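J.: Handing you this structure, nothing more for now.
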Amino acid sequence: MERLRTSLGRYIMSLEPLPPDLRRALESVGINPFIPEELSLVDHPVLNFSAALNRMLASRQTTTNSPELPPLASSAESGRRRLLRSPPLLSGQREWIMRQGAEPQSSRLNRAVRLAVMPPQKENEDNVAYAIRLRRLNPGADVSRVVASFITDPAARQQVVDDIRAALDIAPQFSQLRTISKADAESEELGFRDAADHPDNATSCLFGEELSLSNPDQQVIGLAVNPTDKPQPYSQEVNKALTFMDMKKLAQYLADKPEHPLNRQRLDAKNIAKYAFKIVP
């Protein structure tokens, strides 16, 4: 029992390999000690088992000054002798492990895996928007890993992953858009009002919040009703009215429904440059 506790402690703290016989014993009762990258340690049953084993052994101690862990062997040979003298797992211990490992391995792996930075999902924040925010807060995190961090049902993850990738395909198009100057956008005909200059009467995005070119989290665009090709500039006569919005919000909307919000025509990463104009200082 002490050997098992020591081995588990070293495995958890420093990933020192478990002895083969202990690893096989754990696997035989349904606990796979391997900790995959997509599963955090706190979600792995081996940690719960180790904690419970420590509590059980502590309650059985007959002396108050016994060390929590046995001392390390003074040599490799003494370590081998100690392993050879160690008894096999007790039947009661095996039964306890089986109770801890009653949850199927597949179910454990399907749990949500927390990211390093993971604020709660905001009210009315859809899964795509939340995942994109988490990805921004956790640089380098794979889209699939981000989605797995808060969607526990594997069957529901793929659609969200696809929607996020569609949104991420649209956002980079911002740099390729034709431009409209802020001065022209603020003309009487177009009527754009930057929130930094007009805090009481700012132009709001089609999908909510007020718009400002000084907001680093926004990509302010005017979306036209009719398309035109580059390098033709914006024409009110041809393109018709502009609706101002945050392109990041538009990308999230289009990921779920690739349809122009004003005329219901197909709108995606391939043709958005024909409709959208970015507003520049």
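Under the UniProt record's numbering, the residue at position 12 of the sequence shown is numbered 12, and the numbers go up by one with no gaps.
Ideal Cβ placement from N, Cα and C applies to all residues, glycine included.
Computed from a predicted structure; not experimentally measured.
Starting from S181, trace the beta strand (DSSP E) both ways and give me its first and last residue.
T.: Locating residue 181 in the sequence shown gives position 181, counting from the first residue. Segment R178 to S181, the beta strand (DSSP E) holding S181.
J.: Ignoring anything shorter than 3 residues, give me the beta strand (DSSP E) runs that lie fully in the region 123-200, in order along the chain.
T.: 178-181
J.: Applying the criterion that 16 or more other CB atoms from any shown protein chain within 10 Å of the CB defines a buried residue, is T203 buried or exposed?
T.: The sequence position of residue 203 within the sequence shown is 203, counting from 1. That one is buried.
J.: So, with DSSP's three-state summary, where would you put T243?
T.: Here residue 243 corresponds to residue number 243 of the sequence shown, with the count starting at 1. Of the three classes helix, strand and coil, the one that applies to T243 here is strand, per DSSP.
J.: For the alpha helix (DSSP H) containing L27, name the first residue and the last one.
T.: Here residue 27 refers to the residue found at position 27 of the sequence shown. According to the sequence displayed, residue 27 carries Glu and not Leu. That run of the alpha helix (DSSP H) goes P20 to S28.
J.: At the level of alpha carbons, what is the spacing between L84 and A167?
T.: Position 84 of the sequence shown, counted from the first residue, corresponds to residue 84. Position 167 of the sequence shown, counted from the first residue, corresponds to residue 167. With a pLDDT of 36 at L84, under the threshold of 50, the modelled position of that residue is not reliable, and no figure is offered here.
J.: Quick check on residue 283: does DSSP put it in helix, strand or coil?
T.: The first residue shown for the chain is 1 and the last is 281, placing residue 283 beyond what the model contains.
J.: Leaving out five residues on either side along the sequence, give the residues of the same chain with a beta carbon under 6 Å from the beta carbon of Q232.
T.: Walking along the sequence shown from the start, residue 232 turns up at place 232. Result list for Q232: empty, nothing under 6 Å.
J.: Given 7 Å as the limit, tell me if D268 has its C-beta closer than that to any heavy atom belonging to the ligand GTP.
T.: Questions concerning the ligand GTP fall outside what the structure shown contains, since it holds no ligand whatsoever.
J.: Could you check if Q218 is buried or exposed, using at least 16 other CB atoms within 10 Å of its CB as the buried criterion?
T.: Numbered from its first residue, the sequence shown carries residue 218 at position 218. So Q218 counts as buried.
J.: Since L223 contacts A185 with CB under 8 Å, what's their CB separation in whole angstroms?
T.: Translated into the one-based positions of the sequence shown, residue 223 becomes position 223. Translated into the one-based positions of the sequence shown, residue 185 becomes position 185. About 12 Å separates the two Cβ atoms, so there is no contact after all.
J.: Smallest Cα separation from F244: which of R165, R5, A155 and K182?
T.: On the sequence shown, residue 244 is found 244 positions in, with the first residue counted as 1. The shortest C-alpha separation from F244 is found at K182.
J.: Quick check: what's the CA-CA separation for V146 versus N127?
T.: Taking the first residue of the sequence shown as position 1, residue 146 is located at position 146. Taking the first residue of the sequence shown as position 1, residue 127 is located at position 127. Each residue's Cα considered, the two are about 11 Å apart.
J.: Please report the distance separating the alpha-carbon of D162 from that of S149.
T.: Your numbering for residue 162 matches position 162 in the sequence shown. Your numbering for residue 149 matches position 149 in the sequence shown. The straight-line gap from Cα to Cα measures roughly 16 Å.
J.: Quick one: what's got a C-beta closer than 8 Å to L213's C-beta in the same chain, skipping five residues either side?
T.: Indexing the sequence shown from 1 puts residue 213 at position 213. Correct list, in chain order: K182, D194, A196, V220, I279, V280 and P281.
J.: With a CB to CB cut of under 8 Å and the five nearest residues on each side skipped, what residues in its chain are close to N271?
T.: What you label residue 271 is simply residue 271 of the sequence shown in a count that begins at 1. Excluding positions up to five away in sequence, the list reads P227.
J.: Could you pull out every residue in the same chain whose Cβ sits closer than 8 Å to the Cβ of P71, ignoring the five residues on either side in sequence?
T.: What you label residue 71 is simply residue 71 of the sequence shown in a count that begins at 1. Confidence is the limiting factor: at P71 the pLDDT is only 46, short of 50, which leaves the residue's position unreliable, though a coordinate-based value still follows. Excluding residues within five positions, none has a Cβ falling inside 8 Å.
J.: Please classify G101 as buried or exposed, where buried requires at least 16 other C-beta atoms within 10 Å of its C-beta.
T.: Along the sequence shown, read from residue 1 onward, the residue named residue 101 stands at position 101. Bear in mind that a pLDDT of 42 at G101, under 50, signals an unreliable position, so the number given afterwards is only what the model happens to contain. Label assigned to G101: buried.
J.: Drop a sphere of 10 angstroms on the beta-carbon of K240, count the other beta-carbons inside from all chains shown, and report buried for 16 or more, exposed for fewer.
T.: The residue given as residue 240 occupies position 240 in the sequence shown. Exposed is the call here.
J.: Could you tell me the boundaries of the beta strand (DSSP E) in which E209 lies?
T.: The count along the sequence shown starts at 1 and reaches residue 209 at position 209. Run containing E209: G208 to E210, per the beta strand (DSSP E) assignment.
J.: Which term fits R264, buried or exposed, when burial requires 16 or more other beta carbons within 10 angstroms of its beta carbon?
T.: For this step, residue 264 is matched to residue 264 along the sequence shown. Counting the other CB atoms within 10 Å of its CB gives R264 a total below 16, which places it among the exposed residues.
J.: How about A131 and I170: do their beta carbons lie closer than 8 Å?
T.: Taking the sequence shown and counting its residues from 1, the one referred to as residue 131 is at position 131. Taking the sequence shown and counting its residues from 1, the one referred to as residue 170 is at position 170. No, Cβ-Cβ distance for A131 and I170 is not below 8 Å.
J.: Suppose the cutoff is 7 Å on Cβ atoms and the five residues either side in sequence are ignored; what does the same chain contact list for L137 look like?
T.: Start at 1 with the first residue of the sequence shown, and residue 137 comes out as number 137. Excluding positions up to five away in sequence, the list reads V117.
J.: What residue from Q252, D229, P172 and V238 has the CA that sits closest to F207's CA?
T.: For the purposes of this step, residue 207 is taken as residue 207 along the sequence shown, with counting starting at 1. Of the candidates Q252, D229, P172 and V238, the one whose C-alpha sits nearest the C-alpha of F207 is Q252.
J.: Determine the closest residue to V160 out of Y234, V29 and L254, with distance taken between C-alpha atoms.
T.: As a first step, residue 160 must be located in the sequence shown, where it is residue number 160. When only C-alpha atoms are compared, the closest one is L254.
J.: Can you round the beta-carbon distance between L53 and L8 to whole angstroms, since I take them to be within the 8 Å contact cut?
T.: Residue 53 sits at position 53 when you count from the first residue of the sequence shown. Residue 8 sits at position 8 when you count from the first residue of the sequence shown. Yes, they are in contact, since the Cβ atoms of L53 and L8 sit about 7 Å apart, within 8 Å.
J.: Which whole-angstrom value describes the C-beta separation of D268 and P258, a residue pair presumed to lie in contact below a C-beta threshold of 8 Å?
T.: Here the question's residue 268 lines up with position 268 in the sequence shown. Here the question's residue 258 lines up with position 258 in the sequence shown. With 8 Å as the limit, D268 and P258 qualify as a contact, their Cβ atoms being about 5 Å apart.
J.: Tell me the rounded alpha-carbon separation between A211 and K248.
T.: Translated into positions along the sequence shown, residue 211 becomes position 211. Translated into positions along the sequence shown, residue 248 becomes position 248. Here the sequence assigns Leu to residue 211, which means Ala is not the residue at that position. Looking at the two C-alpha atoms, the distance is approximately 12 Å.
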